[in-house]
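S.K.:
Protein chains: 2
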Amino acid sequence: MARLRFRISISLDGYVAGPDQSIRQPLGAGGERLHHWATALESWRRAHGMEGGEVNASTTVMEESLVNIGATIMGRHMFGGHPGGWDERDPWRGWWGEEPPFHHPVFVLTRHPRPPLTLGDTRFHFVTDGIGSALEQARRAAGGRDVALAGGAHAARQYLAAGWVDEMELHLVPVLLGGGERLFEQMGDDLHGLSLVRTIATPAVVHLKFERSPGAR
Amino acid sequence: MARLRFRISISLDGYVAGPDQSIRQPLGAGGERLHHWATALESWRRAHGMEGGEVNASTTVMEESLVNIGATIMGRHMFGGHPGGWDERDPWRGWWGEEPPFHHPVFVLTRHPRPPLTLGDTRFHFVTDGIGSALEQARRAAGGRDVALAGGAHAARQYLAAGWVDEMELHLVPVLLGGGERLFEQMGDDLHGLSLVRTIATPAVVHLKFERSPGAR
Numbered sequence: 004m005a006r007l008r009f010r011i012s013i014s015l016d017g018y019v020a021g022p023d024q025s026i027r028q029p030l031g032a033g034g035e036r037l038h039h040w041a042t043a044l045e046s047w048r049r050a051h052g053m054e055g056g057e058v059n060a061s062t063t064v065m066e067e068s069l070v071n072i073g074a075t076i077m078g079r080h081m082f083g084g085h086p087g088g089w090d091e092r093d094p095w096r097g098w099w100g101e102e103p104p105f106h107h108p109v110f111v112l113t114r115h116p117r118p119p120l121t122l123g124d125t126r127f128h129f130v131t132d133g134i135g136s137a138l139e140q141a142r143r144a145a146g147g148r149d150v151a152l153a154g155g156a157h158a159a160r161q162y163l164a165a166g167w168v169d170e171m172e173l174h175l176v177p178v179l180l181g182g183g184e185r186l187f188e189q190m191g192d193d194l195h196g197l198s199l200v201r202t203i204a205t206p207a208v209v210h211l212k213f214e215r216s217p218g219a220r
Numbered sequence: 004m005a006r007l008r009f010r011i012s013i014s015l016d017g018y019v020a021g022p023d024q025s026i027r028q029p030l031g032a033g034g035e036r037l038h039h040w041a042t043a044l045e046s047w048r049r050a051h052g053m054e055g056g057e058v059n060a061s062t063t064v065m066e067e068s069l070v071n072i073g074a075t076i077m078g079r080h081m082f083g084g085h086p087g088g089w090d091e092r093d094p095w096r097g098w099w100g101e102e103p104p105f106h107h108p109v110f111v112l113t114r115h116p117r118p119p120l121t122l123g124d125t126r127f128h129f130v131t132d133g134i135g136s137a138l139e140q141a142r143r144a145a146g147g148r149d150v151a152l153a154g155g156a157h158a159a160r161q162y163l164a165a166g167w168v169d170e171m172e173l174h175l176v177p178v179l180l181g182g183g184e185r186l187f188e189q190m191g192d193d194l195h196g197l198s199l200v201r202t203i204a205t206p207a208v209v210h211l212k213f214e215r216s217p218g219a220r
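Protein chains in written order, with my numbering: chain A, 4 to 220; chain B, 4 to 220.
1) Would you mind reading off the limits of the beta strand (DSSP E) that contains His-174(B)?
2) Out of Thr-131(B), Val-150(B) and Trp-95(B), state which residue places its alpha-carbon closest to the alpha-carbon of Val-109(B).
3) Compute the distance between the beta-carbons of Gly-78(B) and Gly-154(B), then report whether it is under 8 Å.
4) Look at the alpha carbon of Thr-62(B) and the alpha carbon of Arg-96(A), and state the distance between them as a whole number of angstroms.
5) Cutting at 8 Å between CB atoms, please list the residues of its own chain near Gly-123(A), excluding the five before and the five after it.
6) Tell me which residue opens and which closes the alpha helix (DSSP H) that Glu-66(B) is part of.
7) Could you tell me the distance, in whole angstroms, from the CA atom of Thr-75(B) to the CA atom of Val-168(B)?
8) Comparing C-alpha positions only, which one of Trp-99(A), Arg-148(A) and Glu-188(A) sits nearest to Gly-52(A)?
9) What alpha helix (DSSP H) runs, 4 residues minimum, are completely inside the segment 29-114 of chain B?
10) Which partner residues does Ile-203(A) have in the DSSP bridge list?
11) Could you work out which residues of chain A lie near Val-209(B), taking near to mean beta carbons separated by less than 9 Å?
12) At the level of alpha carbons, what is the spacing between Ser-25(B) and Asp-16(B)?
13) Can you tell me which of the three DSSP states Ala-137(A) falls into?
14) Okay, do the segment 172-184 of chain A and the segment 138-147 of chain A touch, 3+ Cβ pairs below 8 Å being the bar?
15) Consider the Cβ of Gly-191(A): report whether some Cβ of chain B lies at a distance smaller than 8 Å.
16) Between Arg-8(A), Ala-159(A), Asp-193(A) and Met-190(A), which has its C-alpha nearest Ile-72(A)'s C-alpha?
17) Roughly how many angstroms separate the alpha carbons of Leu-287(A) and Gly-34(A), rounded to a whole number?
18) How many Å lie between Leu-30(A) and Ile-203(B) at the Cα?
19) Can you tell me whether DSSP reads Arg-27(B) as helix, strand or coil?
20) When the Cα atoms are used, what is the spatial distance from Asp-193(A) to Asp-93(A)?
21) Please name the residues in the segment 10-28 of chain A whose beta-carbon is closer than 7 Å to at least one beta-carbon of chain B, in chain order.
22) Is the Cβ of Leu-194(A) closer than 8 Å to any Cβ of chain B?
23) Helix, strand or coil for Ala-5(B), going by three-state DSSP, please let me know.
24) Just reading off the alpha helix (DSSP H) that Arg-160(A) is part of, what are its end residues?
25) Taking the DSSP output, what are the residues bridged to Arg-215(B)?
26) In chain order, what residues of the same chain lie with their CB nearer than 7 Å to the CB of Arg-114(A), ignoring the 5 residues before and after it?
27) Shorter than 8 Å from the beta carbon of Leu-33(A) to some beta carbon of chain B?
28) For Val-208(B), I'd like the list of residues in its chain whose CB is within less than 7 Å of its CB, leaving aside the five on either flank, ordered along the chain.
29) DSSP state of Ala-144(A), grouped into three classes?
Below, the structure written as structure tokens:
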């Protein structure tokens, strides 16, 4: 069956976004420091239509993350827009402009119904009946490929707590953000069978790959 | 000058001790999971007078941590005893029995004065005039060797925030504790010039070594 693969950049003090997140500063104060390792890579830049960039030990990790993904799930906050619901006259169309980098169906968890939105070759579906339904729809849409869980922290915690994440890669960035949104909060002491299977490090980031052992839940 | 070297085991969710710490359970619930990687090692067991144990990629890290240390600083909680002060009729003598494994002077940060305590070849000094004084005394006692900062989290945070830690090694254990005492809390977003210089990983622990770049404060 299609695997649910989650990856996220996280600071040494456990934050996946800095303090004071807002529409103008969606990653919070200092949050962009979590992503320098990625945006500096040639492989990331190419996937986002940009030239140049580095090739280093993180390249393998980045390239792995981009292959064999047939659908993406994300939380409402990651898609963005007004928290009270969708503005029907001027609906939010995501952070990614007219050509989002997904190129496959994206399922957005929300409490507010909305018709699908197509931008370039990415179609966003808005799912109001829970994380199980979103996963089922994404698996069906992925056509045998895997499903990416893109975040943010709130959505990720729900899938982790349900024990539905098959692979988790934490990109641990050796900086402090000092506040913001922590990934592992109210999660208890159970990784639901996920264990560390690979570590790849550069001075800028340590990639910690976890997989669920066969049979573990 | 003698360097101040700090190392500590930390969970994936950032805790250096589990919830519900007490005299009976000094590491908190589940806290012993942070130390399995160490106590399984032949090098740790030998330093603590025990036989057997493993040799693996963590051995180098453990052996490094044991050499060229001339004095140790620790917080009051790590030394232990009644929080209200020392009981003069039955004073707490630490967790380590009559032959503590330090074999050099140990400086305990406390608000309560107490004469030095000698157990085996370890002499404990109780320092009431602050972290600067403890560091100065430890450096003098270390006789040209380095000073180890043993923890706990509260003492470590004070030295980190002052920018006095020259080397920090985090033994990141890929488990969740779900609560307890976090190392990086109220620390702001500044590592005071410490940057990641080496990563050594096994499935049980990822050793992240930070050093202060020359000139950085």
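Yeah, the Cβ is synthetic: ideal placement off N, Cα and C, and Gly gets one too.
M.R.: Here's the rundown:
1) As a working mapping, residue 174(B) is identified with position 171 in the second sequence. Note, His-174(B): beta strand (DSSP E), 170-176.
2) Counting from one through the second sequence, the residue named residue 109(B) turns up at place 106. It is Val-150(B) whose Cα lies nearest to the Cα of Val-109(B).
3) Here residue 78(B) is taken as the residue at index 75 of the second sequence, counted from 1. Here residue 154(B) is taken as the residue at index 151 of the second sequence, counted from 1. Yes; because the gap between Cβ atoms is below 8 Å, this pair is in contact.
4) Reading the second sequence from its first residue, position 59 is the one you call residue 62(B). Reading the first sequence from its first residue, position 93 is the one you call residue 96(A). Going by the C-alpha atoms only, they are around 53 Å apart.
5) By 1-based counting over the first sequence, the position of residue 123(A) is 120. Cβ neighbours of Gly-123(A) beyond the five flanking positions: Glu-101, Glu-102, Pro-103 and His-106.
6) Reading the second sequence from its first residue, position 63 is the one you call residue 66(B). That run of the alpha helix (DSSP H) goes 61-69.
7) Within the second sequence, residue 75(B) is the residue found at index 72, counting from 1. Within the second sequence, residue 168(B) is the residue found at index 165, counting from 1. When rounded, the distance between both Cα atoms is 13 Å.
8) Counting from one through the first sequence, the residue named residue 52(A) turns up at place 49. The shortest C-alpha separation from Gly-52(A) is found at Trp-99(A).
9) 39-42, 45-50, 61-69 and 79-82
10) By one-based count along the first sequence, residue 203(A) stands at place 200. For Ile-203(A), which the question treats as bridged, DSSP gives the partners His-210(A).
11) For this step, residue 209(B) is matched to residue 206 along the second sequence. Correct list: Leu-175, Leu-199, Thr-202, Ala-204, Val-209 and Leu-211.
12) Residue numbering aside, residue 25(B) sits at position 22 when the second sequence is read from its first letter. Residue numbering aside, residue 16(B) sits at position 13 when the second sequence is read from its first letter. The alpha-carbon atoms of Ser-25(B) and Asp-16(B) are separated by roughly 21 Å.
13) Mapped onto the first sequence, residue 137(A) falls at position 134. Of the three classes helix, strand and coil, the one that applies to Ala-137(A) here is helix, per DSSP.
14) no
15) Residue 191(A) sits at position 188 when you count from the first residue of the first sequence. Cβ-Cβ to chain B under 8 Å: yes for Gly-191(A).
16) Stepping through the first sequence from its first residue, residue 72(A) is reached at position 69. Cα-wise, what sits closest to Ile-72(A) is Arg-8(A).
17) No information on residue 287(A) is available, as it lies outside the stretch 4 to 220 that chain A covers here.
18) Here residue 30(A) is taken as the residue at index 27 of the first sequence, counted from 1. Here residue 203(B) is taken as the residue at index 200 of the second sequence, counted from 1. About 30 Å.
19) Translated into positions along the second sequence, residue 27(B) becomes position 24. In this structure, Arg-27(B) counts as coil in the three-state DSSP scheme.
20) Here residue 193(A) refers to the residue found at position 190 of the first sequence. Here residue 93(A) refers to the residue found at position 90 of the first sequence. When rounded, the distance between both Cα atoms is 42 Å.
21) Leu-15, Asp-16 and Gly-17
22) Sequence index remark: in the first sequence, residue 194(A) carries index 191 (1-based). Yes, because at least one Cβ of chain B sits closer than 8 Å to the Cβ of Leu-194(A).
23) Along the second sequence, read from residue 1 onward, the residue named residue 5(B) stands at position 2. Here Ala-5(B) sits in coil by DSSP.
24) For the purposes of this step, residue 160(A) is identified with residue 157 of the first sequence, where counting begins at 1. Unbroken alpha helix (DSSP H) run through Arg-160(A): 156-165.
25) Stepping through the second sequence from its first residue, residue 215(B) is reached at position 212. According to DSSP, which records beta bridges pairwise, Arg-215(B) is partnered with Leu-197(B).
26) Sequence index remark: in the first sequence, residue 114(A) carries index 111 (1-based). The residues are Thr-131.
27) For this step, residue 33(A) is matched to residue 30 along the first sequence. Before going further, note that residue 33(A) is Gly rather than Leu in the sequence given. Yes, Gly-33(A) lies at the interface with chain B (some Cβ there is under 8 Å from its Cβ).
28) Numbered from 1 along the second sequence, position 205 holds the residue referred to as residue 208(B). Answer for Val-208(B): Trp-40, Ser-61, His-174, Leu-175 and Val-176, listed in chain order.
29) For the purposes of this step, residue 144(A) is taken as the residue at position 141 of the first sequence. Correct three-state label for Ala-144(A): helix.
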